[in-house]
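Enquirer:
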Ligand SMILES: Nc1ncnc2c1ncn2[C@@H]1O[C@H](COP(=O)(O)OP(=O)(O)OP(=O)(O)O)[C@@H](O)[C@H]1O
Ligand SMILES: [Mg+2]
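Numbering (this note's numbering), first residue to last: -17 to 342.
1. If I follow the unbroken beta strand (DSSP E) through residue 220, where does it start and stop?
2. If you draw a straight line from the alpha carbon of residue 333 to that of residue 159, how long is it in whole angstroms?
3. Could you compute how far the alpha carbon of residue 244 sits from the alpha carbon of residue 173?
4. Measure how close the beta-carbons of residue 298 and residue 120 come, nearest whole angstrom, since I'm counting them as under 8 Å.
5. For residue 266, which three-state DSSP category applies?
6. Closer than 5 Å between the C-beta and any heavy atom of ligand 2: which residues qualify, listed along the chain?
7. At the level of alpha carbons, what is the spacing between residue 309 and residue 49?
8. Which residue marks the beginning of the alpha helix (DSSP H) containing residue 174, and which one marks its end?
9. Would you say the region 272 to 291 touches the region 85 to 101, given that touching needs at least three Cβ pairs under 8 Å?
10. Give me the Cα-Cα distance between residue 46 and residue 311, rounded to the nearest whole angstrom.
11. For residue 285, which residues in the same chain have their Cβ closer than 7 Å to its Cβ, ignoring the five residues on either side in sequence?
12. With three or more beta-carbon pairs closer than 8 Å as the criterion, would you say the region 128 to 135 touches the region 105 to 115?
13. Return the CA-CA distance between residue 179 and residue 314, expressed in angstroms with no decimal places.
14. Is the beta carbon of residue 262 sitting closer than 8 Å to the one on residue 226?
15. Is residue 291 near ligand 1, judged by its Cβ being under 7 Å from some heavy atom?
16. Verify whether the separation of the beta carbon atoms of residue 229 and residue 193 is less than 8 Å.
17. Let me make sure I understand the geometry here. Which of 147, 148, 155 and 139 has the alpha-carbon closest to that of residue 167?
18. For residue 311, report the span of its alpha helix (DSSP H) as first-last.
19. Is residue 300 near ligand 1, going by C-beta to nearest heavy atom under 7 Å?
20. Going by other Cβ atoms of all chains shown within 10 Å of its Cβ, with 16 needed for buried, is residue 253 buried or exposed?
21. Put residue 280 into one of helix, strand or coil per three-state DSSP.
22. At a cut-off of 7 Å, would you count residue 305 as near ligand 1, judging by its Cβ distance to the nearest heavy atom?
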């Protein structure tokens, strides 16, 4: 597809820098500091200048390193940096609070004690809500897939029925064996469909981001997204580079791909070309999903990532798909761009830091 022709719009989901960033350091990288860090990573306005913990094995320090945020064991040295707007102290160490006030810049604000505990409670609550929202959106998505799933199960089911009937009137052992093999194949196809659905519907249990291979994740996501249509008149082109790995919770990355591919398939109304590309770009991994569907009208482009924005008929979509994609992409320090030409098609591109296979 050539998106260069005709009317074309491009929107980048890069952190919006229209509002000036807030420079934050986190002191304490245990359970609380890590949860705080995870949450702040999804907020584009926040610029994390460093994380400190005297324990070099603290889980939050590992997370910070993965996101290329400076880490240190020396909290007091970190807070002396200029331009810090906010220090969040979740060390739970009351004696540190006096030192913070002694060493920090006069303009730097401090959140500590009870205030940081309240913040932590809010973040815990938010992350629980977020997980429930993802799950709810996934289950709502099952409605979209229902007729595709029924269609895909019916085909092998008809084969099973036809062959079972044929066996009833058959006396030739070889033919009976052939029919039995056909029944087995068809049953296995149904089994695979059930397996894929279970994989998709299950709640995310991973607590940590781990290295995830892009290629099989894209392939598995495609199997689910294909349920979005009963018409199998979509040609899929895969341009995958080998050994692309990013750090993520596998189910979350899977859902990002399912959502983008489902949108693409819906936009093509069952006919068209879906191109999946995964490639490296310096230290980055770029994943693009291109469709030849109806495209996105320029007036809708700024709204597509809003929660509950949908152009689908009532009951057909929740409008949470792209909102969740954006939240997850931000969480993994990714970039999301969309390039659309109405009447021609759309490309969604994701760029993530490459977790090299050697770090596994
Ligand atoms: N590939 C695409 N081509 C054309 N329009 C798209 C594409 N992806 C998204 N959109 C537009 O963005 C809107 C919002 O997408 P989003 O995934 O958030 O919600 P939805 O697909 O409508 O509903 P849900 O994902 O909850 O089923 C869609 O309704 C559609 O108008
Ligand atoms: Mg969608």
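C-beta: ideal position from N, C-alpha, C; glycine also.
Expert: In this structure, then:
1. 215 to 222
2. 51 Å
3. 22 Å
4. Going by Cβ atoms, the distance from residue 298 to residue 120 rounds to 16 Å, so no, they are not a contact pair.
5. strand
6. 245 and 303
7. 16 Å
8. 155 to 183
9. Verdict: no, contact absent.
10. 16 Å
11. Short of 7 Å from the beta carbon of residue 285, and not among the five residues preceding or following it, lie these beta carbons of its own chain, in chain order: 291.
12. no
13. Going by C-alpha positions, residue 179 is about 25 Å away from residue 314.
14. Yes, the pair counts as a contact, with Cβ atoms nearer than the cut-off.
15. For ligand 1, at least one heavy atom lies less than 7 Å from the Cβ of residue 291.
16. Cβ distance < 8 Å, so residue 229 and residue 193 count as in contact.
17. 139
18. 303 to 313
19. yes
20. exposed
21. coil
22. yes
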